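First residue of the sequence shown: 1, per the UniProt record's numbering; consecutive thereafter. All C-beta atoms in this analysis are idealised placements derived from N, C-alpha and C, irrespective of residue type, glycine included. Please read all numbers here as calculations on a predicted model, not as lab measurements. Some notes on the structure that comes next.
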Amino acid sequence: MAQLYGQHHVAWWLHKQSPNPGPMEHTQTQNAVEALLSIGSFPHVLTHCWKTPADLALSQGHTQVTRLLPLHTHHLTRRERTHLYGRLVEEVSCAELKTAVMIGEKEEYERRILSLKKVTQLLMSGAPLEPPGGHSVFVLHLAITTNCTDLLPLLLSAGAPLTTTTGGMNLLQLAWRSPDVTTQIVAIVTR
């Protein structure tokens, strides 16, 4: 597995598997999903057809894989959601700063994986993708303006709202007009 530039990998991996897998394919699929989850892939992403990795695994007969994917049920109070959102905003806003001070390539990669794991864990804990009471910053806008190339695909595939605006600009305008936004961020948002 090369570098992570999106968190749709679990869904993508399951989607490309054969519809009638044998025992060997089941084991390979299970090992691949375990590896993807261990590096921070979000297990509740949605495909363009609104299917989760668990839906894809069930439709292809990978019942063992569905047991690896945690259920997505959270009943949080408003205070808990606000607290989790604050932690999510903090992690996204500091993600690129933390990797910028890394000395070597290996340390930078490890820090990026750690950041992905933290954000994935917050999302799995029930952190909302839209600002609850007390917050006015959208985490997706923050990921765009702070060049979070690793976290932006995660937030998009986790279901961050695409119709939000900030300062009168939609997501495309924000990506194209914000200073210092990399072409990779612009390409991700444009896609």
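(message) Three Cβ pairs or more, each shorter than 8 Å: is that satisfied between the segment 44 to 51 and the segment 149 to 168?
(response) yes
(request) Measure the alpha-carbon distance for THR165 versus VAL119 and round it to whole angstroms. (result) As a position in the sequence shown, residue 165 is number 165, starting the count at 1. As a position in the sequence shown, residue 119 is number 119, starting the count at 1. Each residue's Cα considered, the two are about 22 Å apart.
(request) Ignore the nearest five residues each way along the sequence and tell me which others in THR190's own chain have a CB closer than 6 Å to its CB. (result) The count along the sequence shown starts at 1 and reaches residue 190 at position 190. Same-chain partners within the cutoff: there are none.
(request) Determine, using beta-carbon pairs with one atom in the segment 116 to 132 and one in the segment 73 to 81, whether at least three such pairs fall under 8 Å. (result) yes
(request) In angstroms with no decimal places, state the Cα-to-Cα distance between THR149 and ARG111. (result) Working through the sequence shown from its first residue, we reach residue 149 at position 149. Working through the sequence shown from its first residue, we reach residue 111 at position 111. Approximately 13 Å, taken between the alpha carbons.
(message) For a quick check, are the C-beta atoms of ASN147 and ILE185 less than 7 Å apart?
(response) In the sequence shown, residue 147 corresponds to position 147, counting from 1. In the sequence shown, residue 185 corresponds to position 185, counting from 1. Yes; because the gap between Cβ atoms is below 7 Å, this pair is in contact.
(request) State yes or no: is the C-beta of LEU76 nearer than 6 Å to some heavy atom of the ligand PLP? (result) For the ligand PLP, the structure offers nothing, since it holds no ligand at all.
(request) Might you give, ordered along the chain, the residues of its own chain that have their beta carbon closer than 6 Å to the beta carbon of ALA2, omitting 5 neighbours on each side? (result) As a working note, residue 2 is residue 2 in the sequence shown. With a pLDDT of 32 at ALA2, under the threshold of 50, the predicted position of this residue should be treated as unreliable, though the coordinate-derived value follows. So the list is empty, once near-sequence residues are dropped.
(message) Looking at the secondary structure, which residues open and close the alpha helix (DSSP H) in which LEU122 lies?
(response) Within the sequence shown, residue 122 is the residue found at index 122, counting from 1. It spans 105 to 124 - the alpha helix (DSSP H) in which LEU122 sits, taken as one unbroken run.
(request) Specify, as a first and last residue, the run of the alpha helix (DSSP H) that residue 267 falls within. (result) This structure cannot speak to residue 267, because the chain is shown only from 1 to 191.
(request) Determine the contact status of VAL137 and VAL92, defining contact as a CB-CB distance below 7 Å. (result) Counting from 1 along the sequence shown, the entry for residue 137 is found at position 137. Counting from 1 along the sequence shown, the entry for residue 92 is found at position 92. No, they are not a contact pair.
(request) Drop a sphere of 10 angstroms on the beta-carbon of GLY40, count the other beta-carbons inside from all chains shown, and report buried for 16 or more, exposed for fewer. (result) Counting from one through the sequence shown, the residue named residue 40 turns up at place 40. Buried.
(message) Suppose the cutoff is 8 Å on Cβ atoms and the five residues either side in sequence are ignored; what does the same chain contact list for ARG87 look like?
(response) Counting from one through the sequence shown, the residue named residue 87 turns up at place 87. Here the set comprises LEU122, ALA127.
(request) Measuring alpha carbon to alpha carbon, tell me which of GLN64, CYS49, LYS51 ends up nearest GLN30. (result) Against the sequence shown, residue 30 aligns to sequence position 30. Answer by Cα proximity: GLN64.
(message) Taking the alpha carbon of PRO70 as the reference point, which residue from LEU37, GLY167, LEU162 has its own alpha carbon closest?
(response) In the sequence shown, residue 70 corresponds to position 70, counting from 1. Among LEU37, GLY167, LEU162, the Cα nearest to that of PRO70 belongs to LEU37.
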